[in-house]
Each structure stands twice: as structure tokens, then as C-alpha cells.
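Q: Okay, so the sequence shown: first residue is 1 according to the UniProt record's numbering, each after it adds one.
Built from N, CA and C at the ideal position, the CB exists for glycine as well.
Quick caveat, the model's predicted, so the values are computed rather than measured.
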Amino acid sequence: MVRYAKRMEQLTNSDIGDLLKLIARPDIISFAGGLPAAELFPVDQLRQACDAVMEEMGKVACQYSSTEGFPALREKIAERMKAKNNIETDADHILVTSGSQQGLDFSARVFVDKGDVILMESPSYLGAINAFKACEPTFMEVPTDEGGMVMEELEKILATTPNVKMIYVIPDFQNPTGRTWTLERRHKFMEIINKYEIPVIEDNPYGELRFENENMPALKSLDTKGLVVFLGTFSKILVPGYRLGWVCASDEILSMFNFIKQGADLQTPTVTQLEANKYMEMFDLDKHVDTIRELYKHRRDVMMKTMEETFPKEAKFTHPDGGLFTWVELPEYIDTRKMALQCLEKKVAYVPGGSFFPNGGHENCFRMNYSCMPDDKIVEGVKAIAEVIKANLK
Ligand code: PMP
């Protein structure tokens with residue numbers, strides 16, 4: 001009999017994988033994934049960029065390259081972080097990764113030993129929970145409300161928990177709730193972090209997808225002690241298939257990520273780095289992001305309007321200012337995993353909320369995505385879910 005590592009037990013005993021397979025059926029109206037709208041992928045422009053790369057530097061594109069990443073791309077990333085997030089940085093403080101998912105995997109490997117405590121928002125990104133699990137941590141959840149992580153609760157936990165090694169947060173249009181931290185919370189958070197000197201992973205895949213109101217400063221832009229590790233990605237502003245993300249951190253921390261990257265995969269593929277770099281030279285990425293923002297804002301509006309019109313008052317949901325998700329809370333007696341099967345009979349899907357809590361519970365919540373379905377499907381799907389919710393009310 002094959003014997004597996006102990007850590008695999010934590011990874012394989014989740015039933016969400018089976019549900020996600022069901023949801024992937026093509027006849028389903030799916031609000032379950034977090035997929036960008038494929039109809040907006042700039043395929044033709046990427047093909048032109050790809051042709052130019054192969055003509056001008058085909059041999060370089062096909063060769064191994066440095067672990068840090070292609071210098072011109074890292075420069076553009078640093079410039080973008082200055083412009084969009086007000087973060088003072090440069091190419092030397094950027095490591096290109098295979099999506100920000102790889103940055104999450106490396107974060108736990110860099111900071112966390114078995115049994116160490118990771119603090120995260122309650123709820124938080126399922127993919128981060130799973131990535132961190134490989135390091136066998138103890139998860140502690142910090143309560144959140146509509147303004148983000150609750151700072152009094154964070155302080156309480158830090159004051160009484162000795163071995164917190166890392167804090168993972170998504171302050172902008174959080175996955176799964178769509179919520180954004182207030183400015184006040186951001187400042188308070190940095191004050192607390194500076195006192196305890198604990199590394200923070202600031203995961204920001206959605207920050208540029210703001211539909212209204214002012215941009216909030218990234219935690220990294222408020223970081224005076226080099227404690228914040230910022231994870232960025234091209235997945236939601238360009239295409240996810242290139243698997244291009246980045247880590248921005250202090251010299252010391254970035255060198256640790258670099259060691260791990262060398263052992264993991266040596267480097268992010270040269271060819272996609274060169275193509276994304278060329279795309280940004282030939283075309284206007286900002287303009288492309290404007291187009292994405294416009295479509296997602298429209299789809300958010302369609303989903304919100306239909307939810308307001310059809311969901312019963314017992315269902316509470318978030319009104320995101322950006323990003324891809326809204327989060328629904330039902331009365332505690334409703335089990336959204338069971339309800340997901342009833343919705344599947346009506347050919348509509350969401351992700352049950354329990355999976356977003358590392359320590360379980362909260363089965364009365366669920367996450368809905370609005371970025372990748374056309375208007376008529378959004379309306380039809382939301383109406384079907386509303387009917388199922390009503391049938392489950394006592
Ligand atoms: N972090 C968050 C919060 C996400 O929602 C996702 C993907 N949806 C990722 C990281 C990973 O994205 P990628 O690896 O494509 O950059």
C-alpha cells in the first residue's frame with residue numbers, strides 16, 4: 001500500500017472538489033468560478049505580441065532565464081505598482097512568479113513551520129487556505145465586517161497568541177466577500193503590525209478592478225518596516241492562462257522567496273514573460289483594464305438589481321465596489337451545501353461558503369461571481385437561486 005505524507009490528509013479530505021467538478025458542466029449557469037470574461041481576452045493583440053517576440057528574440061524567448069524574471073517586465077511591474085498602488089519600489093524588489101498562487105505557496109514555505117499560526121480574514125480565499133495547508137499550520141480566523149478585518153479582534157489574538165508567523169489579507173475586493181478595507185482600518189492594521197513585527201501577505205489580484213469610489217492605499221504603500229509582502233498578478237487585468245504574477249518585498253524577504261523559487265521551478269516561463277512585456281510595449285494595458293472594468297461593473301449591476309428584486313429579505317448580501325464576487329448570508333439553519341445540489345437541479349451553481357473558513361462552519365453562506373456570465377444568464381440564474389432560497393426558509 002502506498003503511504004503518503006501526513007500533510008496530504010488535510011488536502012484531500014475536502015468535498016468541495018467534487019462539487020466544483022459538477023459545476024463545470026457546460027449546461028450550468030455558473031456563478032461558482034472566479035473566471036475572467038474570456039470574450040475580453042485580447043487574443044489578436046497577444047498574437048501580434050507573440051509574433052513580434054518570436055521574430056525579434058525567438059531564441060531568448062525559448063531559453064532559460066533568471067529566477068527573478070525578465071528585467072524589462074519587472075521594470076514595468078514596478079512602474080505599475082507606483083502608478084496604481086502608490087508603492088515606492090523598483091525592479092530589484094520584484095520577483096516574477098507563476099501566478100500569484102505561487103506567491104501564496106511560497107509565502108507559507110518561507111514563513112511557516114508545522115503548527116505555527118497563520119492569521120487570516122474570516123472568511124478568506126480558498127486557494128490560499130489550500131496552499132498554506134501543505135505547511136501544516138494552525139489557522140486562526142480574525143473576524144471581519146463590512147469595513148474589513150476587525151482590528152480589536154486582531155489585537156486580542158496577537159496579544160494572547162505567541163507563535164503567529166504570518167498574516168494573510170486581501171484588503172481590496174476580497175475573495176470571497178467582495179469587501180474592501182476602510183482607510184482607517186489600513187492605518188490601524190499597520191500600527192498593530194509594526195508593534196508585533198509579523199510578516200503580512202497582502203494579496204491584491206482585484207485592486208485595479210474598481211468600479212466606483214476612491215482607490216484605497218495598498219498596505220504595502222504604508223509599510224515603513226518592510227513587513228508587507230505584496231502579491232500581484234496579470235490574471236485579472238490581462239489573461240490568467242499566461243500564469244504571470246509577482247511578489248514585491250524587501251531585499252531580505254525577496255531573497256528567501258528567490259531561494260524557494262529556484263527549488264520549485266527555477267523560473268517563470270520566459271516566453272510568457274516576454275510576450276506580456278511586448279504586449280505592454282505595443283498596446284495600452286490601462287485601456288484594456290478600462291474595458292474589463294466597464295463590463296464587470298455592468299454585470300455587477302445586473303446581478304445586484306436582480307438579487308434586490310428577487311432574494312427574500314432573510315438573505316443578506318454584499319454590494320462590492322469592484323472585483324468579481326458578492327457574498328450571501330442566509331439564516332443559520334440553511335445548509336448551502338445541500339442547497340447547492342437543489343440549485344444544480346435548476347442548472348445553476350455557486351460555491352458554498354463553508355469552504356472559505358479554514359476551521360469550518362458557516363455553512364449558511366455562499367459566494368457568487370458575476371464576471372463571466374452574460375446578462376440574461378445572470379438574471380435567469382439569480383432568479384432560480386432566489387426560488388431555492390425561498391423554498392428553504394422556515
Ligand atoms: N489570490 C486570490 C485572492 C485569488 O482570488 C486568486 C485567483 N482567483 C489568486 C490569488 C490566484 O491567482 P493567479 O495565480 O491566477 O494570479
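(1) Specify the secondary structure class of residue 369 as computed by DSSP and reduced to three states.
(2) For the beta strand (DSSP E) holding residue 168, just list the boundary residues, first then last.
(3) For the segment 196–220, list the beta strand (DSSP E) runs that are entirely contained and at least 3 residues long, ordered along the chain.
(4) Could you check which residue in 378, 332, 263 and 286 has the C-alpha nearest to that of residue 365?
(5) Under the DSSP definition of a beta bridge, which residues are partnered with residue 140?
(6) Which residues does DSSP pair with residue 42 in a beta bridge?
(7) If you follow the alpha helix (DSSP H) that residue 343 is in, where does it begin and where does it stop?
(8) Is residue 205 close to the ligand PMP? I mean its beta-carbon at under 7 angstroms from any heavy atom of the ligand.
(9) In whole angstroms, give me the CA-to-CA distance for residue 367 and residue 352.
(10) Measure the alpha-carbon distance for residue 36 versus residue 240 and round it to whole angstroms.
(11) Please list the segments of the beta strand (DSSP E) lying wholly inside the segment 50–110, counting only runs of 3 or more residues, in order along the chain.
(12) If you follow the alpha helix (DSSP H) that residue 232 is in, where does it begin and where does it stop?
(13) Cβ of residue 370 within 7 angstroms of any heavy atom in the ligand PMP?
(14) Which partner residues of residue 29 appear in the DSSP bridge assignment?
(15) Going along the chain, which residues of its own chain have a beta-carbon closer than 8 angstroms to the beta-carbon of residue 112, five neighbours each way excluded?
(16) Measure the C-alpha to C-alpha separation of residue 163 and residue 9 and round it to an integer number of angstroms.
(17) Should residue 242 be listed as close to the ligand PMP, given that the test is whether its C-beta is under 7 angstroms from any heavy atom?
(18) Would you say residue 148 and residue 179 are within 8 angstroms of each other, going by their C-beta atoms?
(19) How many Å lie between residue 41 and residue 143 at the Cα?
(20) Between the C-alpha atoms of residue 373 and residue 310, what's the straight-line distance to the nearest angstrom?
(21) Pick out whichever of 249, 274 and 321 has its Cα sitting closest to the Cα of residue 87.
(22) Can you check whether the CB of residue 104 is closer than 8 angstroms to the CB of residue 127?
(23) Out of curiosity, what's the CA-to-CA distance linking residue 271 and residue 336?
(24) So residue 245 is in the beta strand (DSSP E); what residue range does that whole segment cover?
(25) Just how far apart, CA to CA, sit residue 304 and residue 379?
(26) Using 10 angstroms around the beta-carbon of residue 371, count the other beta-carbons present and answer buried if the total reaches 16, otherwise exposed.
(27) Are residue 11 and residue 130 close, meaning C-beta to C-beta below 8 angstroms?
(28) Are residue 275 and residue 50 closer than 8 angstroms when you measure CB to CB?
(29) Excluding the five sequence neighbours on either side, which residues of its own chain have a C-beta within less than 6 angstroms of the C-beta of residue 283, listed in chain order?
(30) Can you tell me where the alpha helix (DSSP H) holding residue 325 begins and where it ends?
(31) Quick one: Cα of residue 99 to Cα of residue 219, how far?
(32) Beta-carbon within less than 7 angstroms of residue 334's beta-carbon, same chain only, minus the 5 sequence neighbours each way: which residues are those?
(33) Do you know how far the Cα of residue 384 is from the Cα of residue 375?
(34) Excluding the five sequence neighbours on either side, which residues of its own chain have a C-beta within less than 7 angstroms of the C-beta of residue 291, listed in chain order?
(35) The ligand PMP and residue 108: does the residue's C-beta get closer than 7 angstroms to at least one heavy atom of that ligand?
(36) Could you check the C-alpha separation between residue 207 and residue 177 for me, to the nearest Å?
A: On the basis of the coordinates in this document:
(1) Working through the sequence shown from its first residue, we reach residue 369 at position 369. Of the three classes helix, strand and coil, the one that applies to residue 369 here is strand, per DSSP.
(2) Your numbering for residue 168 matches position 168 in the sequence shown. First-last of the beta strand (DSSP E) with residue 168: 164–169.
(3) 200–203
(4) Here residue 365 corresponds to residue number 365 of the sequence shown, with the count starting at 1. Looking at the Cα atoms, 332 is the closest of the given residues.
(5) For this step, residue 140 is matched to residue 140 along the sequence shown. Answer is 119, bridged to residue 140.
(6) If you number the sequence shown from 1, residue 42 lands on position 42. Paired residues: none, contrary to the question.
(7) Position 343 of the sequence shown, counted from the start, is the residue given in the question as residue 343. Its alpha helix (DSSP H) spans residues 336–345.
(8) Reading the sequence shown from its first residue, position 205 is the one you call residue 205. Checking the Cβ of residue 205 against the ligand PMP gives yes.
(9) If you number the sequence shown from 1, residue 367 lands on position 367. If you number the sequence shown from 1, residue 352 lands on position 352. Distance between the alpha carbons of residue 367 and residue 352 is about 7 angstroms.
(10) As a first step, residue 36 must be located in the sequence shown, where it is residue number 36. As a first step, residue 240 must be located in the sequence shown, where it is residue number 240. Roughly 8 angstroms between the two C-alpha positions.
(11) 94–97
(12) Sequence index remark: in the sequence shown, residue 232 carries index 232 (1-based). No alpha helix (DSSP H) holds residue 232; the beta strand (DSSP E) holding it covers 228–233.
(13) Counted from its first residue, the sequence shown places residue 370 at position 370. Incorrect: residue 370 has no Cβ contact closer than 7 angstroms to the ligand PMP.
(14) Along the sequence shown, read from residue 1 onward, the residue named residue 29 stands at position 29. DSSP, once it has assigned bridges, lists 348 as partnering residue 29.
(15) Here residue 112 refers to the residue found at position 112 of the sequence shown. Here the set comprises 118, 132, 135, 137, 165 and 166.
(16) Translated into the one-based positions of the sequence shown, residue 163 becomes position 163. Translated into the one-based positions of the sequence shown, residue 9 becomes position 9. The alpha-carbon atoms of residue 163 and residue 9 are separated by roughly 23 angstroms.
(17) For this step, residue 242 is matched to residue 242 along the sequence shown. Every heavy atom of the ligand PMP is 7 angstroms or more from the Cβ of residue 242, so no.
(18) Walking along the sequence shown from the start, residue 148 turns up at place 148. Walking along the sequence shown from the start, residue 179 turns up at place 179. For residue 148 and residue 179, yes; Cβs fall inside 8 angstroms.
(19) Here residue 41 is taken as the residue at index 41 of the sequence shown, counted from 1. Here residue 143 is taken as the residue at index 143 of the sequence shown, counted from 1. Taking the straight line joining both Cα atoms gives about 36 angstroms.
(20) In the sequence shown, the residue the question calls residue 373 occupies position 373. In the sequence shown, the residue the question calls residue 310 occupies position 310. Going from the Cα of residue 373 to the Cα of residue 310 covers about 18 angstroms.
(21) The sequence position of residue 87 within the sequence shown is 87, counting from 1. The option with the nearest alpha carbon to residue 87 is 249.
(22) Position 127 of the sequence shown, counting from 1, holds the residue named residue 127. Position 104 of the sequence shown, counting from 1, holds the residue named residue 104. Cβ distance < 8 angstroms, so residue 127 and residue 104 count as in contact.
(23) The sequence position of residue 271 within the sequence shown is 271, counting from 1. The sequence position of residue 336 within the sequence shown is 336, counting from 1. Taking the straight line joining both Cα atoms gives about 43 angstroms.
(24) On the sequence shown, residue 245 is found 245 positions in, with the first residue counted as 1. From DSSP, the beta strand (DSSP E) with residue 245 extends over 245–248.
(25) Locating residue 304 in the sequence shown gives position 304, where the first residue counts as 1. Locating residue 379 in the sequence shown gives position 379, where the first residue counts as 1. Approximately 10 angstroms between the Cα atoms of the pair.
(26) In the sequence shown, counting from the first residue as 1, residue 371 sits at position 371. The residue is buried, with at least 16 neighbouring Cβ atoms inside 10 Å.
(27) Position 11 of the sequence shown holds residue 11. Position 130 of the sequence shown holds residue 130. Contact: yes.
(28) On the sequence shown, position 275 is the one that residue 275 refers to. On the sequence shown, position 50 is the one that residue 50 refers to. Taking 8 angstroms as the Cβ cut-off, residue 275 and residue 50 qualify as a contacting pair.
(29) For this step, residue 283 is matched to residue 283 along the sequence shown. Closer than 6 angstroms at the Cβ level, and outside the excluded window around residue 283, lie 45.
(30) As a position in the sequence shown, residue 325 is number 325, starting the count at 1. Per DSSP, residue 325 belongs to no alpha helix (DSSP H); it is in the beta strand (DSSP E), 325–329.
(31) Locating residue 99 in the sequence shown gives position 99, where the first residue counts as 1. Locating residue 219 in the sequence shown gives position 219, where the first residue counts as 1. Those two C-alpha atoms are separated by around 20 angstroms.
(32) Translated into the one-based positions of the sequence shown, residue 334 becomes position 334. Only 364 and 392 meet the Cβ criterion.
(33) By 1-based counting over the sequence shown, the position of residue 375 is 375. By 1-based counting over the sequence shown, the position of residue 384 is 384. Spanning the two alpha carbons is a distance of roughly 14 angstroms.
(34) Reading the sequence shown from its first residue, position 291 is the one you call residue 291. Cβ neighbours of residue 291 beyond the five flanking positions: 40.
(35) Within the sequence shown, the letter at position 108 stands for residue 108. Every heavy atom of the ligand PMP is 7 angstroms or more from the Cβ of residue 108, so no.
(36) Position 207 of the sequence shown, counted from the first residue, corresponds to residue 207. Position 177 of the sequence shown, counted from the first residue, corresponds to residue 177. Going from the Cα of residue 207 to the Cα of residue 177 covers about 14 angstroms.
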